[in-house]
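Asks: Sequential numbering from 7 applies to the sequence shown in the working numbering.
Beta carbons: idealized from backbone N, C-alpha and C, even for Gly.
Dropping the structure in here first, questions after.
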Amino acid sequence: MKIETSIPAYLAEDFSMYLENMESLSDPENPEFLTNYLKVLAAQLASNSSVFNGMVDQLAMAITRSVRIDSKNLAKIDLTQKPLWANIKPFVGVHTDARATISQLMADSEEELKTAVLLIHFYNTYDATPLPPEVEFEIDDNDDATKPYATYGYDE
């Protein structure tokens, strides 16, 4: 079940790009397309941990399959302001095959890694279902509150 999530202003632009990329690469007719693309990004990152410097949305995509985020407990932290990596790190599990790469990112690009993890967290809890339209009630200005029954043109 997804909870109502508000994307913090400091993540809005990066989240928008990440969401657009993930949605555009999700093809119901070719479900392996996104998976294969994420594998290619992960391989590029493994060979060069700075390949996505300045492209945090791509970094997030590259590590999506390599990290497991405890979003239920991470959601309990106030994320309206930029948190420290030390506050986020306890909620992030790393796949064995990606530990060296993630460790390198922590050493060289901690801020971008933190942002990428937050993008994944918000994506995992994001509900893109449109809100139902608000029901509009028509108010008849001709209603007379002192006359609760219509007279239909008859004199009283």
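Could you tell me if methionine 7 is buried or exposed, where buried requires 16 or more neighbouring beta carbons within 10 angstroms of its beta carbon?
Replies: At methionine 7 the pLDDT is 42, less than 50, meaning the model places this residue with poor confidence; the figure from the coordinates comes in the next sentence. Exposed is the call here.
Asks: Which residues in the same chain as serine 55 place their Cβ atom closer than 8 angstroms to its Cβ, once the five residues preceding and following it in sequence are excluded?
Replies: For serine 55, where only same-chain residues beyond five positions count, the Cβ hits under 8 angstroms are Thr107, Gln110, Leu111, Asp114, Ser115.
Asks: DSSP three-state label for arginine 74, please.
Replies: Here arginine 74 sits in strand by DSSP.
Asks: At what residue ranges does the segment 24–104 contain a whole run of the beta strand (DSSP E), taking only runs of 3 or more?
Replies: 73–75, 98–100, all fully within the segment 24–104.
Asks: Give the range of the alpha helix (DSSP H) segment to which alanine 15 is assigned.
Replies: Per DSSP, alanine 15 belongs to no alpha helix (DSSP H) and is neither H nor E.
Asks: Helix, strand or coil for tyrosine 132, going by three-state DSSP, please let me know.
Replies: The answer is coil: DSSP assigns tyrosine 132 none of H, G, I, E or B.
Asks: Give the secondary structure of serine 115 by DSSP, where H, G and I count as helix, E and B as strand, and everything else as coil.
Replies: Correct three-state label for serine 115: coil.
Asks: From Leu31, Phe97, Gln50, Ser32, pick the residue whose C-alpha is nearest to that of leucine 124; which is it?
Replies: For the residues Leu31, Phe97, Gln50, Ser32, the minimum Cα distance to leucine 124 belongs to Phe97.
Asks: By how many angstroms is the C-alpha of leucine 65 removed from the C-alpha of tyrosine 24?
Replies: Approximately 9 angstroms between the Cα atoms of the pair.
Asks: What separation, rounded to the nearest whole angstrom, lies between the Cα atoms of lysine 95 and glutamate 117?
Replies: So the two alpha carbons sit approximately 12 angstroms from each other.
Asks: Would you check if the distance between the CB atom of valine 62 and the CB atom of threonine 121 is smaller than 7 angstroms?
Replies: In this structure, threonine 121 lies closer than 7 angstroms to valine 62 by Cβ.
Asks: How many whole angstroms separate the CB atoms of serine 72 and alanine 48, which I take to be in contact at a CB cut-off of 8 angstroms?
Replies: Contact flag correct, Cβ pair sits at about 6 angstroms.
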